[in-house]
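Trainee: The structure under discussion is supplied below as structure tokens; questions concerning it will follow.
2 protein chains.
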Amino acid sequence: MAVYTDVGVEDLSVFLDRYDVGKLLSYKGIAEGVENSNYLLHAEGGHFILTLYEKRVDAGDLPFFLGLMEHLASRGITCPQPVKGRDGEALGTLCGRPAALVTFLDGMWMRKVEARHCAAVGEALAKLHLAGSDFPLRRANALSVAGWRPLFNASAGRLDSVQPGMHDVIAAELDTLEASWPRGLPEGVIHADLFPDNVFFLGDKLSGLIDFYFACNDMLAYDVAICLNAWCFEADGSYNVTKGRALLQGYAKERPLTGAELDAIPLLARGAALRFLLTRLVDWLNVPPGALVKPKSPQEYFRKLRFHQKAQSVQDYGVAARELA
Amino acid sequence: MAVYTDVGVEDLSVFLDRYDVGKLLSYKGIAEGVENSNYLLHAEGGHFILTLYEKRVDAGDLPFFLGLMEHLASRGITCPQPVKGRDGEALGTLCGRPAALVTFLDGMWMRKVEARHCAAVGEALAKLHLAGSDFPLRRANALSVAGWRPLFNASAGRLDSVQPGMHDVIAAELDTLEASWPRGLPEGVIHADLFPDNVFFLGDKLSGLIDFYFACNDMLAYDVAICLNAWCFEADGSYNVTKGRALLQGYAKERPLTGAELDAIPLLARGAALRFLLTRLVDWLNVPPGALVKPKSPQEYFRKLRFHQKAQSVQDYGVAARELA
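Here the protein sequences line up with chains S and R, keeping their order.
Its first residue numbered 6, the first sequence is counted upward by one per residue in this note's numbering.
Its first residue numbered 6, the second sequence is counted upward by one per residue in this note's numbering.
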């Protein structure tokens, strides 16, 4: 939860002059997102989300993110749509930062995930992968296997202060994944951060996907593995096979998984767990004094990693390979 | 800025069942207020602010606050209106906390205050005082002169760590104010916290007042003194007589000040500065580790206090007494 940049009415009014959204009526900083400053904005032309991209976001990536949202929306995926200025440009500058206006989506994210939500997310993820298949821009995944060792090195000396023995487990895991990370699986645009707070529901119906600021090109099945981590564990750390089954079946209904993808699921899930473990460790070990943001616990992803290390096949995730291919 | 309580969709839906606002469409935690958790909520019936009252608010005071907003709105003051449940009750319970829904007000608060804003605030404050004159409930001001010594005692030993010499200045000031605090001035309902972030404008027009959670019964001119502190100083600490003049004239246009009130302005302004200085000191000296809320600087109000100590009469605030009475 964060608002890093306090925007004044005067600056905001100048910024909005570029857009056909009518007069500004109100704006409130919202406690969502940890990378950027977000405002819910009401203008005569409707409700919007105003995002100021803070320094953790590379401005060079913004055309990819905004272009992707526009592309997906044009393919029927409900996601925020960048609002273009009268000059045709979605991206502007506000308070010295790159900034954009996107349409506001109704819907709520589920604090209590149930299997039917997992089914809906699996289905939506597959649709996103299909809709993204002809998106022309590319962005490498900086947080895939090649990016993990630098993150490990940044925290290595302090890992055992978080949990005794963590250093050796992660070091060995990194060696394993670097040696055996899957290659040659189907690739495309992935969301890469489709956690419950990025998926909106209205009643029982999935109503929209948000936060495309980690989206990139990578193996599609890696995105599935991220969702298995994010959606299918209980608060006590246990894996819920019913949720896993629902998510995988929901996905495969829209986009059947190849045999090679199914074989790779346990390894991809280990990689996904390690990726979130490592970034959470960096955040956890580097909280600035007086920080407004409370980092998320790394232990959660250490436990998930330990689960995946014991998994033998996709069957351990709740469904037999023959049911999905 | 704060959201202390994360509300789940399930709990919120149960809470909303009491109200005729239609289906819930979205809600977002907003980064406003330091005492309570606030959500901007969109339902079929409109936009609302949902407030969960956290432990710093005395639940016994809530009928006063909510009743006051309803009373003022019925007298033409634009302020949030509590939404009543089908049982006629505005106050409910959510996530174990007292909670209420109020109407959403458009408008923005001014980061860059100009004299015309001060004139509008003075006028609105006087109208609020007049509209509150027949409000039947009463609430004592816990943060008036009798409440200051306990706050001083809570921080006394550490004041010189904030600024050398601060302890003796505040101790002497407290003795002075306790001995000479005005009595017998016109009393009524005061807002007691009408800072710029609690006053909305649309264009040049003041469009609404919010945050009545410090409102109480006290001397009306003390509320004017609070506003002089909150609105009429520049960022460099200097007092702006043009703004002070605008604020006092705006007020007096709606409610002429008595001679005794005008004479008391410098002393009331000292008291108001001391009140905010003391609560900011308590917050500043008691930041819990990992706090999500960054306390406001106490020094700002120490400088304001030093200004008021040198003031001789209301003339030092920008306008001659004969122009206001």
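Here a beta-carbon is modelled for each residue, glycine too, at the ideal position from N, C-alpha and C.
Source: prediction; values computed, not measured.
Kindly indicate which residue of P261(S), A251(S), L310(S) has the alpha-carbon position closest to the one of C123(S).
Mentor: A251(S)
Trainee: On the CB-based measure, 16 or more other CB atoms within 10 Å of its CB, does E178(S) come out buried or exposed?
Mentor: buried
Trainee: So, does the stretch 40-48 of chain S touch the stretch 69-83 of chain S, judging by three or more C-beta pairs under 8 Å?
Mentor: no
Trainee: Measure the beta-carbon distance from H196(S) to L133(S) and round it to whole angstroms, keeping in mind my assumption that it falls under 8 Å.
Mentor: 6 Å
Trainee: Suppose the cutoff is 8 Å on Cβ atoms and the five residues either side in sequence are ignored; what does the same chain contact list for F219(S) look like?
Mentor: L148, H196, A197, D198
Trainee: Along the chain, where does the alpha helix (DSSP H) that runs through I270(S) open and close?
Mentor: 264-290
Trainee: Please list the terminal residues of the continuous alpha helix (DSSP H) segment that includes V246(R).
Mentor: 246-259 is the span of the alpha helix (DSSP H), which, as asked, contains V246(R).
Trainee: Give the DSSP-derived three-state secondary structure of T181(S) in the structure shown.
Mentor: helix
Trainee: With H, G and I counted as helix, E and B as strand and the rest as coil, what does DSSP make of C84(S)?
Mentor: coil
Trainee: Would you call Q317(S) buried or exposed, if buried means 16 or more other Cβ atoms sit within 10 Å of its Cβ?
Mentor: Classification for Q317(S): exposed.
Trainee: Is the Cβ of V14(R) closer than 8 Å to any Cβ of chain S?
Mentor: yes
Trainee: M224(S) to G193(S), Cα distance in whole Å?
Mentor: 6 Å
Trainee: Are there 16 or more other CB atoms within 10 angstroms of the CB of L273(S), so buried, or fewer, so exposed?
Mentor: buried
Trainee: Which whole runs of the alpha helix (DSSP H) in the stretch 158-220 of chain R are 4 residues long or more, in chain order?
Mentor: 164-167, 171-185
Trainee: From which residue to which residue does the alpha helix (DSSP H) around P303(S) run?
Mentor: Element bounds for P303(S): n/a, residue is neither H nor E.
Trainee: Does any C-beta atom of chain R lie closer than 8 Å to the C-beta of G34(S)?
Mentor: yes
Trainee: Report the CB separation of V246(R) from G323(R) in whole angstroms; it is logged as a contact under 8 Å.
Mentor: 4 Å
Trainee: Pull out every residue of the stretch 105-132 of chain S whose Cβ sits closer than 9 Å to any Cβ of chain R, in chain order.
Mentor: F109, L110, D111, G112, M113, W114, M115, R116, K117
Trainee: Go through its chain and collect everything with a Cβ distance to G101(R)'s Cβ below 8 Å, but skip five positions before and after it.
Mentor: none
Trainee: Taking the alpha-carbon positions, what's the M6(R) to L110(S) distance?
Mentor: Low local confidence applies: a pLDDT of 41 at M6(R) is under 50, so the model's placement there is unreliable, and no value is given.
Trainee: Is the stretch 234-243 of chain R close to the stretch 304-314 of chain R, with three or more CB pairs under 8 Å?
Mentor: yes
Trainee: Can you tell which of M115(S), F205(S), A278(S), G90(S) has its C-alpha closest to the C-alpha of G27(S)?
Mentor: Selected option, being the one with the closest Cα: G90(S).
Trainee: Short check: CB of F157(S) to CB of Y244(S), under 8 Å?
Mentor: Taking 8 Å as the cut-off, the beta carbon of F157(S) is found no closer than this to the beta carbon of Y244(S).
Trainee: Residues in its own chain within less than 8 Å of L164(R) by CB, not counting five upstream and five downstream?
Mentor: Correct list, in chain order: M171, H172, I175, L286.
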